[in-house]
Structure formats: C-alpha cells, structure tokens
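Heads up: the structure comes next, in structure tokens.
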Amino acid sequence: MLDKLITWSRIKSPWIIHFNTGACNACDIEIVAALTPRYDMERFGVQLKGTPRHADVLVCSGPVTKQIKDRLKRIYDQMPEPKFVVAVGSCSCSGGVFDGCYSVESGIDAIIPVSAYIPGCPASPQAIIDGVVKLLATLEKKEEKR
Amino acid sequence: MPPEKGLKMRKVVIPIGPQHPALKEPESFNVTLSGERIMAFSARLGYNHRGIEKACEERTYVQDVYLVERICGICSHTHSTSFTQAVEELAALDVPKRALYIRVIIGELERIHSHLLWLGIAGHEVGFDTLLMYSWRDREVVMDILAELTGNRVNYGINVIGGVKRDLEGHHIKDISKAVDTLEERTKYYIDIATKETTLIQRLSGVGKLPHEDALSLGATGPTARASNVARDIRQDDPYAVYSELGFRIVTDNHNDVYGRTLVRLGELMETYRLIRAAVNNLPEGPIAVKAPRKIPEGEVFSRYEAPRGENVHYIKSNGTDKPERVKVRAPTLANVQTVARMLEDEQLADLPIVIAAIDPCFSCTDRMITVKDPDDSNPRGIIKWDDIRSYSIGLYRSRGVDFSLLNKKLAEKLKC
Numbered sequence: 001m002l003d004k005l006i007t008w009s010r011i012k013s014p015w016i017i018h019f020n021t022g023a024c025n026a027c028d029i030e031i032v033a034a035l036t037p038r039y040d041m042e043r044f045g046v047q048l049k050g051t052p053r054h055a056d057v058l059v060c061s062g063p064v065t066k067q068i069k070d071r072l073k074r075i076y077d078q079m080p081e082p083k084f085v086v087a088v089g090s091c092s093c094s095g096g097v098f099d100g101c102y103s104v105e106s107g108i109d110a111i112i113p114v115s116a117y118i119p120g121c122p123a124s125p126q127a128i129i130d131g132v133v134k135l136l137a138t139l140e141k142k143e144e145k146r
Numbered sequence: 001m002p003p004e005k006g007l008k009m010r011k012v013v014i015p016i017g018p019q020h021p022a023l024k025e026p027e028s029f030n031v032t033l034s035g036e037r038i039m040a041f042s043a044r045l046g047y048n049h050r051g052i053e054k055a056c057e058e059r060t061y062v063q064d065v066y067l068v069e070r071i072c073g074i075c076s077h078t079h080s081t082s083f084t085q086a087v088e089e090l091a092a093l094d095v096p097k098r099a100l101y102i103r104v105i106i107g108e109l110e111r112i113h114s115h116l117l118w119l120g121i122a123g124h125e126v127g128f129d130t131l132l133m134y135s136w137r138d139r140e141v142v143m144d145i146l147a148e149l150t151g152n153r154v155n156y157g158i159n160v161i162g163g164v165k166r167d168l169e170g171h172h173i174k175d176i177s178k179a180v181d182t183l184e185e186r187t188k189y190y191i192d193i194a195t196k197e198t199t200l201i202q203r204l205s206g207v208g209k210l211p212h213e214d215a216l217s218l219g220a221t222g223p224t225a226r227a228s229n230v231a232r233d234i235r236q237d238d239p240y241a242v243y244s245e246l247g248f249r250i251v252t253d254n255h256n257d258v259y260g261r262t263l264v265r266l267g268e269l270m271e272t273y274r275l276i277r278a279a280v281n282n283l284p285e286g287p288i289a290v291k292a293p294r295k296i297p298e299g300e301v302f303s304r305y306e307a308p309r310g311e312n313v314h315y316i317k318s319n320g321t322d323k324p325e326r327v328k329v330r331a332p333t334l335a336n337v338q339t340v341a342r343m344l345e346d347e348q349l350a351d352l353p354i355v356i357a358a359i360d361p362c363f364s365c366t367d368r369m370i371t372v373k374d375p376d377d378s379n380p381r382g383i384i385k386w387d388d389i390r391s392y393s394i395g396l397y398r399s400r401g402v403d404f405s406l407l408n409k410k411l412a413e414k415l416k417c
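Quick note, the sequences are listed as chains A and B, same order. The first sequence: position 49 = 49 (my numbering), numbered continuously. The second sequence: position 221 = 221 (my numbering), numbered continuously.
This is the structure:
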C-alpha cells in the first residue's frame with residue numbers, strides 16, 4: 001500500500017536535477033525554457049531541485065568531458081533509488097560533434113545507465129517534454145506489470 | 001582547519017561547485033570566509049573543456065563553421081560570425097552587403113535573447129523569480145523569430161563562408177518589426193521596474209563594486225566594463241559588418257555595481273531594437289552569398305566581434321590547405337572572470353551568486369586551453385609533462401603530511417600475492 005503511494009507520487013511529480021556535463025549551454029537554456037511559462041513542465045509535476053539527494057531524475061546535457069566524468073558518477077551515486085537518467089541533446093546521446101575530441105569521453109551512457117535519449121542540437125523544449133512524459137509513461141506501465 | 005590564535009572569527013573555506021544550484025554550468029569556486037564576509041575567492045575552470053580548438057585543426061573550414069558555433073549555445077552566432085569573418089578576410093572574399101545586413105539582424109536578435117535570459121537569471125539569483133518567468137516568457141517572442149528566420153531556436157547555422165544561407169522574405173521583415181515592437185514595450189516596462197522598484201534597486205546597488213580604474217586594469221569587456229563607465233564596444237571601436245552604416249550609440253553607466261550592469265543591459269536592449277529597425281529598413285537588394293574556395297590562402301588573421309558578453313576574438317592561421325593550422329578563441333568571460341575576485345572583496349557570501357551572474361558568465365566559451373609562461377622557468381615552451389605533474393603532486397602531498405609510498409608498497413605486495 002505504502003509502496004503504491006510512493007510510486008504514484010513519484011510518477012505524478014518527478015523531481016529532476018539538471019547537470020551540465022560539458023554542454024555548450026544550448027541544451028541547458030532549452031531545459032530552463034521548458035520550465036518557464038511558455039512550456040511549463042510543472043504541469044506534469046516536474047520540479048527542478050538543487051541537490052541530487054532530492055532528485056529522482058538526472059537530466060544531463062552535453063558530452064562527458066574528462067574533467068566531469070568522476071563528478072558525474074559521484075552525483076549519480078548520491079541520488080536515491082530508484083533513479084533515472086535522461087540524456088538531452090545529441091552530444092549527451094552519443095558525443096555528437098565533439099566525439100573524438102581529446103578531452104571528451106563520449107555519450108552519457110558510457111558512464112552511467114540512461115533511461116531516455118532526447119536527440120537534437122539542441123533538443124527543443126517540446127522534445128524535452130515529450131521525452132520526460134514518455135519516460136513517465138514507461139514507469140507507469142512497469143508499475144502495472146508488477 | 002584549526003582555529004587561529006588571536007582571531008575571534010574562524011576562517012572557513014567553502015567549496016562551491018561543480019554542481020551547485022546557484023551555478024548553471026560546471027565550474028568550481030573556493031571561497032574563504034570570515035563570518036559572512038568573503039576574504040578570498042578563487043575559481044577553477046576547465047570542466048567544460050572539450051578541445052574544440054584542436055578539433056578545428058582536424059576538420060575543414062566548412063565543418064569548422066558548425067563546430068565553432070557549438071562553442072557556446074547562447075551566443076553561437078558570435079562565434080560562427082567571427083570565424084567566417086576571419087576566413088573571408090584570409091580568402092579576400094567580397095561578401096555581399098545583404099548577407100552582412102542579415103548577419104547583423106541575427107546577431108542583434110541573439111543579443112536580445114541573451115540579455116533577456118540574463119535579466120531572468122539575475123532576477124532568479126536575487127530571489128525575484130517573477131522577473132525570471134516574465135522575461136523568459138518574453139524571450140520566447142525572439143526565439144520564435146529566430147526559429148522562423150533560421151530554422152532552429154538555438155545554434156542557427158545561418159553563416160557560411162562567403163555569406164549567409166537563408167534570405168529574408170517580406171513576411172519575415174513584417175514579423176521582425178512586430179516582435180521588436182512587442183519587446184520594446186516589455187523592455188520599457190522592465191526599465192520602469194529597474195528604476196522605480198525600491199526592493200530591486202536596494203538589492204542590487206552597491207553590490208559587486210568594480211571601480212573604473214579596476215575595470216581598465218583588469219581588462220573587463222562588454223556590459224561589465226561599460227557599467228564601470230568604460231566606453232568600449234567593438235561595434236563602435238572597430239566596426240565589423242555594417243555597424244558603421246547603422247550609426248551605433250554606445251550605452252554606459254557610472255554606477256560601477258550590479259545595478260549599473262542591469263541598467264546597461266536594459267539600455268543596450270533599447271539600442272538593439274533601434275539597430276534592428278535600421279537594418280531591416282535599409283536592407284539592400286542583391287545576392288546573399290559568394291562562392292568560397294575550398295582551400296584558403298596562407299596567412300594569419302585576427303577577428304573581433306562584440307558578443308552580448310563582451311569582445312569575442314578569433315585568431316586563425318592558415319597554411320594554404322582546406323584545414324586551418326591553428327584556431328584560437330578568446331571569449332569575453334575569460335576577460336571578465338578576473339574581475340569577479342575584485343568585485344567580491346569584502347562582500348557578503350549571500351551576494352556571491354548575483355555577483356557571479358552579473359558578469360553573465362559563459363564557461364563553455366571560456367574553457368579553452370591556455371599556456372601560462374613562467375619567465376623564470378627553465379622549460380622554454382612552458383609545457384608541463386605528465387611526469388612533472390606527477391612528481392609535483394607527490395611532493396605537494398608529502399609537504400602536507402600525506403605519503404602514499406607506503407600504501408603503494410603494501411598494494412604492490414598484495415598484488416604479488
């Protein structure tokens with residue numbers, strides 16, 4: 001019963017944390033734009049949090065640079081279970097134009113497991129909302145199966 | 001840290017970043033505090049370093065236009081324009097007037113989006129979230145126009161070497177004028193807030209002081225310098241594209257603080273609307289691009305551009321092939337980040353987010369490779385090798401009383417077993 005309540009509240013109001021893993025800011029401003037009045041992700045209960053310890057979903061943007069690799073792992077480890085990772089933008093999906101640069105590792109999935117990929121350079125706010133809602137829908141289905 | 005004798009207040013070092021709610025990008029700061037007062041401030045950059053300059057050398061000039069555009073997503077047009085400007089100068093191309101006008105229009109629309117974005121972030125950092133929501137809502141007007149003109153909201157990809165890719169049609173011009181009218185109305189409202197709202201004025205006044213002399217000696221650029229009454233703007237000092245024809249007027253302020261920087265940016269918005277109107281009305285007829293050669297003649301060139309945050313510089317060295325030999329970028333935040341330490345001297349810790357935000361930092365622009373040369377160093381190239389770093393780090397930790405050699409020995413023995 002309590003489990004059901006927790007899952008319900010998690011799906012109805014996922015708390016996200018945004019982490020820039022070496023992006024060019026383009027995806028980051030689109031993520032912020034998705035939170036502001038025109039797109040307003042808070043309609044779906046999505047709230048931006050300041051610390052990974054409060055968050056359910058880690059929204060990453062950008063290719064993983066060598067400097068950020070360990071920090072990304074640490075932030076992921078600090079998040080409570082169950083946790084989900086959304087990779088926003090082509091760079092975080094695969095490395096994008098920066099693939100092969102000497103200080104870039106590659107996409108996010110080489111470092112931590114990723115639940116949803118949102119491609120685009122940058123991913124538009126509509127795409128980000130679509131990705132997050134689809135992620136929530138899969139969680140709902142998983143819950144029904146259980 | 002143990003408390004020092006004779007000092008009433010203990011010194012505390014607070015690390016901020018790389019992940020911190022006040023920061024939108026990964027960078028890390030160390031702030032030494034005595035109570036609430038900031039005693040020392042140091043910044044550590046490089047988390048966003050992707051090695052774009054090196055990657056440019058491995059790609060052709062045409063590919064590089066799109067790569068340098070991704071140095072920064074907020075001021076992407078500034079990077080691609082200064083890069084194409086430089087290559088066009090090397091190849092001695094005569095870029096059509098219409099293309100230059102379109103570049104200026106896109107560049108100024110980008111300045112609107114960047115300044116409105118800054119206004120919102122600044123409001124957010126001082127706890128005025130209504131301003132964030134208002135200005136980001138209005139920002140969508142200019143984002144729509146940019147998407148209509150170029151096909152993408154951010155990273156427009158409109159520049160090509162020799163001109164621009166897309167032409168402006170009649171209905172575009174109508175839409176631009178309409179959007180500029182709406183935004184001008186809104187900006188007047190923000191100026192009204194900034195000059196009349198006492199809470200905002202009191203929160204921003206006297207915070208992050210940067211006197212005129214310090215702005216000059218630290219080499220500040222852009223609105224950060226102009227708010228300290230340094231009348232420096234590349235659009236006026238070294239006009240590129242068609243700014244000399246549009247009659248640019250510089251905006252300065254003598255408040256020397258965060259409040260002054262807000263006023264300068266709002267004033268610049270009004271000037272930008274005027275520039276866009278002038279550019280749209282005087283848009284000449286003609287082609288929008290000339291054919292560019294694949295191989296660029298040998299030479300060196302230096303290109304300057306006034307980005308929303310200050311002077312953006314690109315240096316390109318060509319060796320006569322289709323790939324550049326060296327590309328060097330100096331983004332405005334690198335010049336401005338030095339001033340933050342001066343602004344934060346003896347300030348409250350609570351003012352730190354807004355003081356950092358007031359220079360409108362963009363660390364993805366700034367994280368370039370820099371070689372610092374020590375004149376006393378025996379190594380003439382100023383390059384530190386991996387072994388040197390290693391031995392330096394071992395020495396540093398030994399001096400602090402941490403010795404890993406014992407641990408290493410134990411580990412090696414364990415591995416043998």
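We put the CB at the ideal spot given by N, CA and C, even for glycine. Quick caveat: nothing in here was measured; it's all calculated off a predicted structure.
- With fewer than 16 other CB atoms across the displayed protein chains lying within 10 angstroms of its CB, Y397 (chain B) is exposed.
- Any Cβ of chain A closer than 8 Å to the Cβ of K196 (chain B) would place that residue at the interface, and such an atom is absent.
- One Cα belongs to S135 (chain B), the other to A147 (chain B), and the distance between them is close to 18 Å.
- Residue contact with chain B for A87 (chain A): absent (no Cβ-Cβ distance below 8 Å to any residue of chain B).
- Within chain B, no residue has its beta carbon less than 8 Å from that of G45 (chain A); the closest one is some 18 Å off.
- Within chain B, the residues whose beta carbon sits less than 8 Å from that of I29 (chain A) are G73, I74, L117, V154, listed in sequence order.
- With respect to chain A, the C-beta atom of P223 (chain B) has no partner C-beta closer than 8 Å.
- Legend: CB atoms of the region 59–74 of chain A lying less than 7 Å from CB atoms of chain B belong to residues P63, T65, Q67, I68, R71.
- For the region 7–19 of chain A, the residues whose beta carbon sits under 9 Å from a beta carbon of chain B are, in order, I17, H18, F19.
- Under a criterion of Cβ atoms nearer than 8 Å, the residues of chain A adjacent to L67 (chain B) are, in order, V97.
- Secondary structure note for V154 (chain B): it is in no alpha helix (DSSP H), with a DSSP letter that is neither H nor E.
- Among the residues of chain B, those whose CB is under 7 Å from the CB of C121 (chain A) are N155, following chain order.
- Excluding residues up to 5 positions away in sequence, E298, E325 lie with their Cβ nearer than 8 Å to the Cβ of N319 (chain B) in the same chain.
- Closest option to K11 (chain B), judged by alpha-carbon separation, among B:H20, B:V31, B:L23: B:V31.
- The secondary-structure analysis by DSSP pairs V64 (chain A) across a beta bridge with A:S106.
- By the Cβ-count criterion, G89 (chain A) is buried, with 16 or more other Cβ atoms from all chains shown falling within 10 Å of its own Cβ.
- Shown here for G222 (chain B): same chain residues with a beta carbon closer than 6 Å to its own, the five before and five after excluded, namely R309, G310, P332 in chain order.
- Minimum Cα-Cα distance from Q202 (chain B) among the listed residues B:G260, B:Y243, B:G219 corresponds to B:G260.
- The three-state reading of DSSP puts S13 (chain A) in coil, since its state is none of H, G, I, E or B.
- Contact between the region 33–43 of chain A and the region 116–135 of chain A is present: three or more C-beta pairs spanning the two stretches fall below 8 Å.
- Those residues of the region 310–344 of chain B placed with their C-beta closer than 9 Å to a C-beta in chain A do not exist.
- Counting along the chain, no beta strand (DSSP E) covers G120 (chain B); the unbroken alpha helix (DSSP H) around it starts and ends at 97–125.
- The C-beta distance from V86 (chain A) to V59 (chain A) rounds to 5 Å, short enough to meet the 8 Å contact threshold.
- Around the CB of Y243 (chain B), 16 or more other CB atoms lie within 10 Å, so the residue is classed as buried.
- Separation of E25 (chain B) and N282 (chain B) (C-alpha to C-alpha, rounded to the nearest whole angstrom) is 39 Å.
- For Q47 (chain A), the secondary structure class from DSSP, reduced to helix, strand or coil, is strand.
- In the three-state reduction of the DSSP assignment, F83 (chain B) falls in the helix class, which pools H, G and I.
- At a cut-off of 8 Å between beta-carbon atoms, C56 (chain B) makes no contact with chain A.
- Three or more Cβ pairs closer than 8 Å define a contact, and the region 334–344 of chain B falls short of that threshold against the region 260–279 of chain B.
- For N256 (chain B), the closest Cβ of chain A is not nearer than 8 Å.
- Inclusion of I276 (chain B) and L119 (chain B) in the CB contact set at 8 Å is not warranted, their separation being larger than that value.
- Pairing A241 (chain B) with V104 (chain B) gives a Cβ-Cβ distance under 8 Å.
- Among the residues facing chain B, A110 (chain A) is not included, as its CB has no counterpart in that chain under 8 Å away.
- About 19 Å separates the Cβ atoms of R139 (chain B) and H172 (chain B), ruling out a contact at the 8 Å cut-off.
- Nearest to R70 (chain B) by C-alpha distance, out of B:K196, B:H49, B:Q85, is B:H49.
- A Cβ-Cβ contact shorter than 8 Å links V251 (chain B) with R226 (chain B).
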